[in-house]
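Asker: Chains as they are written, first to last, in our numbering: chain A, 847 to 1176; chain B, 847 to 1176. Where a beta carbon is used, it is the ideal one built from N, C-alpha and C, also for glycine.
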């Protein structure tokens, strides 16, 4: 939100709608300087993550501006959670078509304001430009971890158990619900699933407690199978995922009761934003008491072995073949 | 360049063209984790700046991919220079149309590789997505300054002299040259001006030496008059700019010799990426010896007073009226 960038946008909008979001960080200089200044707390380092979304590709288009903003912030917060980081600050870059009105921008900013308060993060900079194409938003988030305390993907070991937080598949089923491609669910369940897709819950309270307990973690954005494969790959181990152990919400159960092919959607669909965690068996009790404390279920869904790749099995150990192992927008 | 973002792009391209750019920073984890880890050196803090450019809006479209990448990086480095910061790392978000081929991406990355080596900065993360619209690029740069050592816009005081680095107006004249709207210049001058527009030189060596010498600085991206106005505004002072003192390149002199209305382009055109600096008169000698040391001329072009606004005057002190005080793309 610089005033002297090469490509600065509408000064008025920035001052009016975005500068208030930067008020609590003195080093943001009211979004009026060339850059912002920020440092991690003593003994900490920064974790940096960034995402870009394009209208019509990464969001459907009928979302409220506040929800688009909230989801963009939350998917970045989810990456911070997966690294065990505490959110600190973010920058926001918006490319908007000329026809975007102030009301839209105001609503977009209001979605950020609400989530800033909830997650303890503050806007410190950005850029606003025009585009002849669809809206494009980029958000870059800074979190912090104690030095060398980041939870990596590559730290998992053979013998580890694989845990997931919450319930899996709600995001992908929610997208289907929004596209009217989901039967067997009640109106309430449909809305609940859509909400899980549209406004995921970054698992920050869980992530920041994983240091010393878990060997590796990732957030489930590509789909459980793909994200577990990323961990296995980065760690040089093989994983077995027990499909029958994967925790499902009541709404997901209703959907699968109507069409059991949706199991595949649950396992490979993206947008869960739960965490998949690998930890040694002796830490299972610690993880379970953490789960109770933060009131977020953790469920064992598999194990790691010497080797490579991910095998998905059913309750009797037979391998299940999946059509695709991930989910990609673009 | 995460593999598990909501909206991840082409894994192959990231691994092939961008991961090599992240090799020298271990905390980038080869662009394969949820996020990167980085900390400022002991006693330092980070300076964060970001810019977005859109094809057809912020670049003409016939640039080589390497030059597009280089300019995007350099305009961010220019912001770091204006804050007195030393470059450390950056993230890159690219939204590309489906028809963009690997050769284009490879050339884009090669432009970054060259500038990384020159300016000592490294890629630590990003995102790659598809778009049905024009290409959109966002780059977010991290630099570092000693704690509380950032040069701000708001620190200027009445009585300060106003300095500029290098020569002014070449960027805006270069854009005219590229659009075939510039007469009176030789082919060599035309190419030199175009180069100043297409690949500006971030004044990092100057910026990082301003602490303790200058009260305020900004990079000239909106145009000299507008950027000086930003400083005056943020500092609560008035500025007088002596148009006759503004340093011109030989090529700019040729262009103005043909059409003296171009003086206005020089004073208000954007894309100079020189620094405008405010410092007390007693520091002029220190600035001049710094200028000699780094072989970059610094020229006094005005002064600051009590009051507000920017007055542009000619050699005999008469005020000049300008049509516009800045330059805005989007």
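Can you check whether the C-beta of residue 1011/B is within less than 8 Å of a C-beta belonging to chain A?
Answerer: The count along the second chain starts at 1 and reaches residue 1011/B at position 165. By this cut-off, residue 1011/B is not an interface position.
Asker: If you draw a straight line from the alpha carbon of residue 879/A to that of residue 1070/A, how long is it in whole angstroms?
Answerer: Locating residue 879/A in the first chain gives position 33, where the first residue counts as 1. Locating residue 1070/A in the first chain gives position 224, where the first residue counts as 1. Computed Cα separation, rounded: 42 Å.
Asker: Using only the alpha-carbon positions, how far apart do residue 947/A and residue 886/B sit?
Answerer: To locate residue 947/A, count along the first chain from 1; it is residue 101. To locate residue 886/B, count along the second chain from 1; it is residue 40. Spanning the two alpha carbons is a distance of roughly 39 Å.
Asker: In angstroms with no decimal places, state the Cα-to-Cα distance between residue 1166/B and residue 1096/B.
Answerer: Counted from its first residue, the second chain places residue 1166/B at position 320. Counted from its first residue, the second chain places residue 1096/B at position 250. Cα-Cα distance, rounded: 23 Å.
Asker: List the residues of chain A whose Cβ lies closer than 8 Å to the Cβ of residue 998/B, in chain order.
Answerer: As a working note, residue 998/B is residue 152 in the second chain. Near residue 998/B (Cβ distances below 8 Å), the residues of chain A are 875 and 879.
Asker: My output table needs one value for residue 911/B: the three-state DSSP class, helix, strand or coil.
Answerer: For the purposes of this step, residue 911/B is taken as the residue at position 65 of the second chain. Helix at residue 911/B.
Asker: Measure from the alpha carbon of residue 1147/A to the alpha carbon of each residue in 1121/A, 899/A and 1139/A, then state which is nearest.
Answerer: Along the first chain, one-based indexing puts residue 1147/A at 301. Cα-wise, what sits closest to residue 1147/A is 1121/A.
Asker: Could you check whether residue 958/A and residue 915/A sit closer than 8 Å to each other, using their CB atoms as the reference points?
Answerer: On the first chain, residue 915/A is found 69 positions in, with the first residue counted as 1. On the first chain, residue 958/A is found 112 positions in, with the first residue counted as 1. Against a cut-off of 8 Å, the Cβ pair of residue 958/A and residue 915/A comes out as a contact.
Asker: What is the residue span of the alpha helix (DSSP H) that residue 1138/B lies within?
Answerer: Here residue 1138/B corresponds to residue number 292 of the second chain, with the count starting at 1. Note, residue 1138/B: alpha helix (DSSP H), 1130-1140.
Asker: What's the C-alpha gap between residue 1172/A and residue 1151/A?
Answerer: Position 326 of the first chain holds residue 1172/A. Position 305 of the first chain holds residue 1151/A. The predicted position of residue 1172/A is uncertain, since its pLDDT is 47 and thus under 50; no value can be drawn from it.
Asker: Indicate whether the contact test is met: 3 or more Cβ pairs, each with one atom in the segment 1068-1085 of chain B and one in the segment 1109-1129 of chain B, closer than 8 Å.
Answerer: With a cut-off of 8 Å, the segment 1109-1129 of chain B and the segment 1068-1085 of chain B count as touching, because enough Cβ pairs lie within range.
Asker: Quick test of the definition: if touching needs 3 or more C-beta pairs under 8 Å, does the segment 964-978 of chain B touch the segment 995-1013 of chain B?
Answerer: no
Asker: When you compare only the Cα positions, how much space is there between residue 1048/B and residue 1138/A?
Answerer: Here residue 1048/B is taken as the residue at index 202 of the second chain, counted from 1. Here residue 1138/A is taken as the residue at index 292 of the first chain, counted from 1. Residue 1048/B and residue 1138/A have their alpha carbons spaced roughly 53 Å apart.
Asker: Measure from the C-beta of residue 926/A to each C-beta in chain B and report whether the shortest distance is under 8 Å.
Answerer: Here residue 926/A is taken as the residue at index 80 of the first chain, counted from 1. Answer yes: the Cβ-Cβ gap between residue 926/A and chain B drops below 8 Å somewhere.
Asker: Measuring alpha carbon to alpha carbon, tell me which of 1116/A, 1020/A, 1056/A and 1168/A ends up nearest residue 1107/A.
Answerer: Here residue 1107/A corresponds to residue number 261 of the first chain, with the count starting at 1. Residue 1168/A holds the alpha-carbon nearest to the alpha-carbon of residue 1107/A among 1116/A, 1020/A, 1056/A and 1168/A.
Asker: Which residues of the segment 968-982 of chain A have a Cβ closer than 7 Å to any Cβ of chain B? Give them in chain order.
Answerer: 970, 971, 972, 973, 975, 976, 977, 978, 979, 980 and 982
Asker: Is residue 892/B close to chain A, meaning its C-beta is less than 8 Å from at least one C-beta of that chain?
Answerer: For the purposes of this step, residue 892/B is taken as the residue at position 46 of the second chain. It does: the Cβ of residue 892/B has a partner Cβ on chain A nearer than 8 Å.
Asker: I'd like the ranges of any beta strand (DSSP E) spanning at least 3 consecutive residues and lying wholly in the segment 925-953 of chain A.
Answerer: 932-942
Asker: If you count every other CB in all the chains shown that lies within 10 Å of the CB of residue 870/B, and 16 or more means buried, which is it?
Answerer: What you label residue 870/B is simply residue 24 of the second chain in a count that begins at 1. Flag for residue 870/B reads exposed.
Asker: Taking any Cβ of chain A, which residues in the segment 892-911 of chain B have a Cβ under 8 Å from it, in chain order?
Answerer: 892, 893, 894, 895, 896, 897, 898, 899, 900, 902, 903 and 904
Asker: Are the segment 928-943 of chain A and the segment 971-978 of chain A touching, with three or more C-beta to C-beta distances below 8 Å?
Answerer: yes
Asker: Smallest Cα separation from residue 909/B: which of 954/B, 882/B and 1075/B?
Answerer: As a first step, residue 909/B is located in the second chain; it is residue number 63 there, counting from the start. The shortest C-alpha separation from residue 909/B is found at 954/B.
Asker: Quick check: is the beta carbon of residue 804/A nearer than 8 Å to any beta carbon in chain B?
Answerer: This structure gives no information on residue 804/A, because the portion of chain A shown stretches from 847 to 1176.
Asker: Quick one: what does DSSP say residue 1036/A is sitting in, helix, strand or coil?
Answerer: Translated into the one-based positions of the first chain, residue 1036/A becomes position 190. Here residue 1036/A sits in helix by DSSP.
Asker: Considering just the uninterrupted stretch of the beta strand (DSSP E) at residue 970/B, what are its terminal residues?
Answerer: Position 124 of the second chain, counted from the first residue, corresponds to residue 970/B. Residue 970/B -> beta strand (DSSP E) spans 968-976.
Asker: With the cut-off set at 8 Å, would you say residue 891/B and residue 991/A are in Cβ contact?
Answerer: In the second chain, the residue the question calls residue 891/B occupies position 45. In the first chain, the residue the question calls residue 991/A occupies position 145. Against a cut-off of 8 Å, the Cβ pair of residue 991/A and residue 891/B comes out as no contact.
Asker: Runs of 4 residues minimum, wholly inside the segment 1053-1091 of chain A: which ones carry the alpha helix (DSSP H) assignment?
Answerer: 1070-1081
Asker: Going by DSSP, what residue range makes up the beta strand (DSSP E) through residue 897/A?
Answerer: Taking the first residue of the first chain as position 1, residue 897/A is located at position 51. First-last of the beta strand (DSSP E) with residue 897/A: 890-900.
Asker: Residue 898/A: which of 1119/B, 1117/B and 942/B sits nearest, CA to CA?
Answerer: Here residue 898/A is taken as the residue at index 52 of the first chain, counted from 1. Checked all of 1119/B, 1117/B and 942/B; the closest Cα to residue 898/A is 942/B.
Asker: Which residue marks the beginning of the beta strand (DSSP E) containing residue 1157/B, and which one marks its end?
Answerer: Start at 1 with the first residue of the second chain, and residue 1157/B comes out as number 311. Segment 1155-1159, the beta strand (DSSP E) holding residue 1157/B.
Asker: Within 8 Å (strictly less), CB to CB, does residue 884/B reach chain A?
Answerer: Position 38 of the second chain, counted from the first residue, corresponds to residue 884/B. Taking Cβ atoms only, chain A reaches closer than 8 Å to residue 884/B, which makes this a yes.
Asker: So, with DSSP's three-state summary, where would you put residue 1095/A?
Answerer: Walking along the first chain from the start, residue 1095/A turns up at place 249. Three-state DSSP puts residue 1095/A in coil, outside helix and strand.
Asker: What's the C-alpha gap between residue 1031/A and residue 1100/A?
Answerer: Within the first chain, the letter at position 185 stands for residue 1031/A. Within the first chain, the letter at position 254 stands for residue 1100/A. Straight-line Cα distance between these residues: approximately 6 Å.
Asker: Using a Cβ cut-off of 7 Å, pull out every chain A residue sitting near residue 1092/B, in sequence order please.
Answerer: As a working mapping, residue 1092/B is identified with position 246 in the second chain. Residues of chain A passing the Cβ test: none, with the nearest at roughly 18 Å.
Asker: Is the number of C-beta pairs between the segment 974-990 of chain A and the segment 1004-1011 of chain A that are closer than 8 Å three or more?
Answerer: no
Asker: Do you know how far the Cα of residue 934/B is from the Cα of residue 1027/B?
Answerer: For this step, residue 1027/B is matched to residue 181 along the second chain. For this step, residue 934/B is matched to residue 88 along the second chain. So the two alpha carbons sit approximately 38 Å from each other.
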